[in-house]
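Shown next, in structure tokens, is the structure this report addresses.
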Ligand SMILES: Nc1ncnc2c1ncn2[C@@H]1O[C@H](COP(=O)(O)OP(=O)(O)OP(=O)(O)O)[C@@H](O)[C@H]1O
Ligand SMILES: [Mg+2]
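Put into structure tokens, the structure is as follows:
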């Protein structure tokens with residue numbers, strides 16, 4: 024199957040003082056619809072920079088990103104913004120919620136930007152929040168929500184518009200084990216049930232078990248690209264000779 028997003032030879036340098044630091048070194052990358060692709064690597068290895076280049080947030084110095092059949096970085100800036108609005112969902116570590124809005128309003132706001140009427144946006148927002156287990160928190164503001172609940176609002180906001188591409192950058196790092204697992208299950212569901220290509224950056228090794236694919240990056244280079252074998256099939260019955 025054709026990948027949902029594919030990058031070829033992405034490079035990015037940052038200038039710090041008089042020197043340039045090469046953060047992405049000719050990175051090739053792809054991710055498929057219906058799969059949870061994890062990008063793992065140490066702090067500073069270029070994970071967030073890669074996500075930013077893949078999602079139209081940060082222009083790479085060289086290389087190409089083909090996202091949903093478009094040559095992303097050849098589009099004019101306005102079209103890139105529109106592409107993000109129409110097709111991409113984002114979940115970041117800091118939640119990025121508005122302090123003065125309720126959970127329902129946070130999610131509905133994004134839906135209104137995509138062109139839904141107020142009523143339709145609110146209904147869809149309530150549905151998305153219920154899907155992440157927050158049906159009883161629709162009218163709470165961020166201050167009244169726990170860290171795990173805030174992250175779930177951010178996830179509902181990202182999922183409500185049913186993006187074809189979902190980018191998550193360290194979505195579990197502020198959460199305890201249980202909430203972290205829940206977030207991963209929701210990302211998994213976005214891939215399985217909604218067919219999104221989910222690209223999740225983490226350095227949490229516990230999450231590796233949930234991924235369809237794990238890509239390790241170090242010092243701006245892809246080290247390996249693995250498909251973990253999950254232990255979900257029933258254990259084989261061993262027959263001993265003569266049994
Ligand atoms: N705008 C910038 N200007 C200068 N240097 C930058 C900029 N953005 C990132 N860098 C540098 O690029 C390197 C990679 O940064 P990046 O944020 O991609 O790492 P990361 O793998 O996401 O790390 P972490 O796990 O800590 O989030 C870092 O050394 C960082 O200091
Ligand atoms: Mg990062």
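Numbering (our numbering), first residue to last: 24 to 266. All C-beta atoms in this analysis are idealised placements derived from N, C-alpha and C, irrespective of residue type, glycine included. From a predicted model like this one, the values you see are computed outputs, not experimental measurements.
If you reduce the DSSP assignment to three classes, tell me which class residue i lands in.
{"i": "residue 43", "result": "strand"}
{"i": "residue 266", "result": "Annotation note: pLDDT 37 at residue 266 (below 50); position unreliable, coordinate value reported separately. Here residue 266 sits in coil by DSSP."}
{"i": "residue 208", "result": "helix"}
{"i": "residue 160", "result": "helix"}
{"i": "residue 86", "result": "strand"}
{"i": "residue 25", "result": "coil"}
{"i": "residue 34", "result": "strand"}
{"i": "residue 197", "result": "coil"}
{"i": "residue 260", "result": "Annotation note: pLDDT 47 at residue 260 (below 50); position unreliable, coordinate value reported separately. Residue state, collapsed to three classes: coil."}
{"i": "residue 250", "result": "coil"}
{"i": "residue 219", "result": "coil"}
{"i": "residue 49", "result": "strand"}
{"i": "residue 54", "result": "strand"}
Let's see if you can read the secondary structure: which residues bound the beta strand (DSSP E) around residue i?
{"i": "residue 154", "result": "Element bounds for residue 154: not the beta strand (DSSP E) but the alpha helix (DSSP H), 141–154."}
{"i": "residue 239", "result": "236–241"}
{"i": "residue 59", "result": "59–63"}
What first and last residue would you give for the alpha helix (DSSP H) that runs through residue i?
{"i": "residue 110", "result": "100–110"}
{"i": "residue 172", "result": "170–183"}
{"i": "residue 188", "result": "Not the alpha helix (DSSP H): residue 188 falls in the beta strand (DSSP E), residues 188–192."}
{"i": "residue 76", "result": "70–77"}
{"i": "residue 133", "result": "126–136"}
Does the beta-carbon of residue i, which I'm using as the reference point, lie nearer than 6 Å to any heavy atom of ligand 2?
{"i": "residue 35", "result": "no"}
Tell me whether residue i is buried or exposed, calling it buried when 16 or more other Cβ atoms sit within 10 Å of its Cβ.
{"i": "residue 129", "result": "buried"}
{"i": "residue 101", "result": "exposed"}
{"i": "residue 159", "result": "exposed"}
{"i": "residue 38", "result": "exposed"}
{"i": "residue 174", "result": "buried"}
{"i": "residue 90", "result": "buried"}
{"i": "residue 83", "result": "buried"}
{"i": "residue 110", "result": "buried"}
{"i": "residue 264", "result": "Model confidence at residue 264 stands at a pLDDT of 41, short of 50, so the residue's coordinates are unreliable and nothing is read from them."}
{"i": "residue 190", "result": "buried"}
{"i": "residue 58", "result": "buried"}
{"i": "residue 25", "result": "exposed"}
{"i": "residue 85", "result": "exposed"}
{"i": "residue 50", "result": "buried"}
{"i": "residue 184", "result": "buried"}
{"i": "residue 52", "result": "buried"}
{"i": "residue 105", "result": "exposed"}
{"i": "residue 228", "result": "exposed"}
Ligand 1 heavy atoms versus the CB of residue i: any closer than 6 Å?
{"i": "residue 221", "result": "no"}
{"i": "residue 196", "result": "no"}
{"i": "residue 79", "result": "no"}
{"i": "residue 46", "result": "yes"}
{"i": "residue 39", "result": "yes"}
{"i": "residue 67", "result": "yes"}
Subject >> Exercise answer, beta-carbon shell around ligand 2 heavy atoms below 7 Å >> reply: 70, 71, 192, 193, 224
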